[in-house]
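Visitor: Take a look at the following structure, please.
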Amino acid sequence: MPGGGHRGTVRSIEIPIAGHTAPVAELPPTDPEAAQGHLPGDKVLTDPSRPATAMVIR
6 MPGGGHRGTV RSIEIPIAGH TAPVAELPPT DPEAAQGHLP GDKVLTDPSR
56 PATAMVIR
């Protein structure tokens with residue numbers, strides 16, 4: 006993703022939440038609203054059958 010950091014720097018990571026087909030927990034959160042009812046610091050169950058996505062600055 007385009008960004009204002011050093012090339013190759015991790016911008017965010019999306020981790021699939023267990024029990025849902027689409028929702029993910031995003032680290033760090035980019036939306037000021039609670040995502041799918043989750044807030045920073047909440048514990049969530051992850052879905053190991055779906056890969057996490059790391060977004061890096063290009």
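To get this note's numbering, take the position in the sequence shown, counting from 1, and add 5. Glycine is no exception: its CB is placed at the ideal position from the N, C-alpha and C atoms. Predicted, not measured: the structure shown is a model, and the values here were computed from it.
What is the DSSP secondary structure of Ala30, counted as helix, strand or coil?
Guide: Along the sequence shown, read from residue 1 onward, the residue named residue 30 stands at position 25. DSSP places Ala30 in strand when its eight states are reduced to three.
Visitor: Name the one or two DSSP bridge partners that Ala59 has.
Guide: Residue numbering aside, residue 59 sits at position 54 when the sequence shown is read from its first letter. Beta-bridge pairing links Ala59 to Ile18.
Visitor: So, is Pro33 buried or exposed, given that buried needs 16 or more other C-beta atoms within 10 angstroms?
Guide: What you label residue 33 is simply residue 28 of the sequence shown in a count that begins at 1. Pro33 comes out exposed.
Visitor: Smallest Cα separation from Gly46: which of Gly13, Ala30, Ile18, Gly10?
Guide: As a working mapping, residue 46 is identified with position 41 in the sequence shown. Comparing Cα-Cα distances from Gly46 to each of Gly13, Ala30, Ile18, Gly10, the minimum goes to Ala30.
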